[in-house]
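Heads up, the sequence shown is in the working numbering, so the first residue is 237 and it goes up one at a time.
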Amino acid sequence: MSETNKDIHLNECKAVTHHCECESQHETHPHVSIGKIITKVPVVLAELTLQINIDALITFPEPVLEIKDIKKTVKLTQCRLLLPTNKLFIKGYVRKNIQYASPSPDIEMHTKNSVASDLHSYTVDIPFQCAAEIKKFLALPVMPEMNNRMEFDFLMSKPMSCGHSEKDELQSKDLSQFHQESLQHYNELPYCELISSRIIEWDEAIDRSPLPNCSPLGEGFFTKVEEKMVLDLTLKVLQKQQIRVSSATNDDDCFHHCD
Numbered sequence: 237m238s239e240t241n242k243d244i245h246l247n248e249c250k251a252v253t254h255h256c257e258c259e260s261q262h263e264t265h266p267h268v269s270i271g272k273i274i275t276k277v278p279v280v281l282a283e284l285t286l287q288i289n290i291d292a293l294i295t296f297p298e299p300v301l302e303i304k305d306i307k308k309t310v311k312l313t314q315c316r317l318l319l320p321t322n323k324l325f326i327k328g329y330v331r332k333n334i335q336y337a338s339p340s341p342d343i344e345m346h347t348k349n350s351v352a353s354d355l356h357s358y359t360v361d362i363p364f365q366c367a368a369e370i371k372k373f374l375a376l377p378v379m380p381e382m383n384n385r386m387e388f389d390f391l392m393s394k395p396m397s398c399g400h401s402e403k404d405e406l407q408s409k410d411l412s413q414f415h416q417e418s419l420q421h422y423n424e425l426p427y428c429e430l431i432s433s434r435i436i437e438w439d440e441a442i443d444r445s446p447l448p449n450c451s452p453l454g455e456g457f458f459t460k461v462e463e464k465m466v467l468d469l470t471l472k473v474l475q476k477q478q479i480r481v482s483s484a485t486n487d488d489d490c491f492h493h494c495d
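Written out as structure tokens, the structure reads:
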């Protein structure tokens with residue numbers, strides 16, 4: 237190591253942070269604007285529960301002896317209120333993680349009294365979609381303002397060509413020019429929040445067969461499961477809107493005595 241690099245190495249600083257405690261010295265009260273104030277906040281347009289019926293076929297990548305457990309998670313990918321209608325379009329998936337036992341002759345060949353198996357898991361997304369009607373709004377949505385485009389022209393006067401009197405003029409618009417007024421509105425798009433989900437399901441193997449050769453009574457394997465699910469989704473539909481709020485005081489006494 238050169239002398240220069242050694243000096244740089246010796247002069248390196250190392251910062252060490254130790255655990256420390258901090259205490260609140262005093263409370264700080266925020267400044268509150270007084271009067272009738274206009275603010276822009278999310279407004280709940282509707283809260284509703286939708287019921288979606290799902291029928292799906294799941295094919296496993298290997299033989300399944302039995303299903304041990306199924307964990308489910310709802311993934312919502314689209315929730316769109318189509319203004320100016322009251323139709324709500326829903327899309328998503330039910331993520332299913334299926335834990336199952338698979339026959340494993342590599343561990344031990346099954347006999348008439350025993351079956352050796354491995355524990356595996358298989359994750360699959362079951363898609364769903366539906367269109368629902370919001371029959372009653374808690375607060376009316378702000379309908380979108382329509383865009384508009386208008387063309388306009390100017391009068392142009394030009395001398396006439398040969399064959400016309402010098403006093404004659406051609407009055408018309410200029411075809412070499414184009415004039416337009418364009419108006420665009422950037423409306424607030426309603427959106428959704430998923431509140432809760434409830435799933436009732438029924439799964440049934442449709443290709444179950446007995447284990448080959450000698451096996452315990454009633455044991456078998458399958459690769460295909462037909463499932464039926466009833467999915468209940470509870471949603472909030474919101475839209476950012478301008479509302480007026482009233483602020484009466486920002487006195488410090490209010491923070492100590494007012495509820």
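Idealized CB from N, CA, C, for every residue including glycine.
Residue i classed as buried or exposed, judged by whether at least 16 other C-beta atoms fall within 10 angstroms
{"i": "Asp-495", "result": "Note that Asp-495 has pLDDT 49, beneath the 50 cutoff, so the model's placement of it is unreliable and no number is given."}
{"i": "Lys-348", "result": "exposed"}
{"i": "Val-268", "result": "exposed"}
{"i": "Leu-343", "result": "Rather than Leu, the amino acid found at residue 343 in this sequence is Ile. With fewer than 16 other Cβ atoms within 10 Å, it is exposed."}
{"i": "Lys-250", "result": "exposed"}
{"i": "Ile-479", "result": "exposed"}
{"i": "Val-481", "result": "exposed"}
{"i": "Phe-296", "result": "buried"}
Closest by C-alpha distance to residue i, when choosing among the options
{"i": "Lys-311", "options": "Cys-450, Asp-443, Glu-429", "result": "Glu-429"}
{"i": "Thr-470", "options": "Asn-333, Ile-431, Ser-393", "result": "Ile-431"}
{"i": "Met-382", "options": "Cys-398, Gly-399, Glu-424", "result": "Glu-424"}
{"i": "Glu-298", "options": "Leu-319, Leu-355, Glu-283", "result": "Leu-355"}
{"i": "Glu-455", "options": "Ile-479, Val-360, Pro-339, Lys-464", "result": "Pro-339"}
{"i": "Gln-420", "options": "Glu-302, Pro-380, Ile-303", "result": "Pro-380"}
{"i": "Gln-365", "options": "Thr-485, Val-466, Ile-442", "result": "Val-466"}
{"i": "Ile-294", "options": "Pro-363, Val-277, Gly-399", "result": "Pro-363"}
{"i": "Thr-285", "options": "Leu-324, Pro-320, Ala-292, Val-300", "result": "Leu-324"}
Extent of the continuous beta strand (DSSP E) to which residue i belongs
{"i": "Leu-324", "result": "323-339"}
{"i": "Glu-344", "result": "Glu-344 -> no beta strand (DSSP E), and no H or E assigned at all."}
{"i": "Pro-297", "result": "271-300"}
{"i": "Val-360", "result": "353-369"}
Per DSSP, the bridge partner or partners of residue i
{"i": "Asp-439", "result": "Glu-463"}
{"i": "Cys-428", "result": "Val-473"}
{"i": "Asn-349", "result": "DSSP, once it has assigned bridges, lists no residue as partnering Asn-349."}
{"i": "Met-392", "result": "Ser-408"}
{"i": "Ser-401", "result": "According to DSSP, which records beta bridges pairwise, Ser-401 is partnered with nothing at all."}
{"i": "Thr-309", "result": "Arg-331"}
Residue i in three-state terms, based on DSSP
{"i": "Gly-448", "result": "A small fix is needed here, since residue 448 is Pro in this sequence, not Gly. The answer is coil: DSSP assigns Pro-448 none of H, G, I, E or B."}
{"i": "Met-382", "result": "coil"}
{"i": "Val-252", "result": "coil"}
{"i": "His-415", "result": "strand"}
{"i": "Gln-420", "result": "coil"}
Proximity test, residue i beta-carbon vs the ligand HEM heavy atom, cut-off 6 Å
{"i": "Val-268", "result": "The ligand content of the structure shown is nil, which means the ligand HEM is not present either."}
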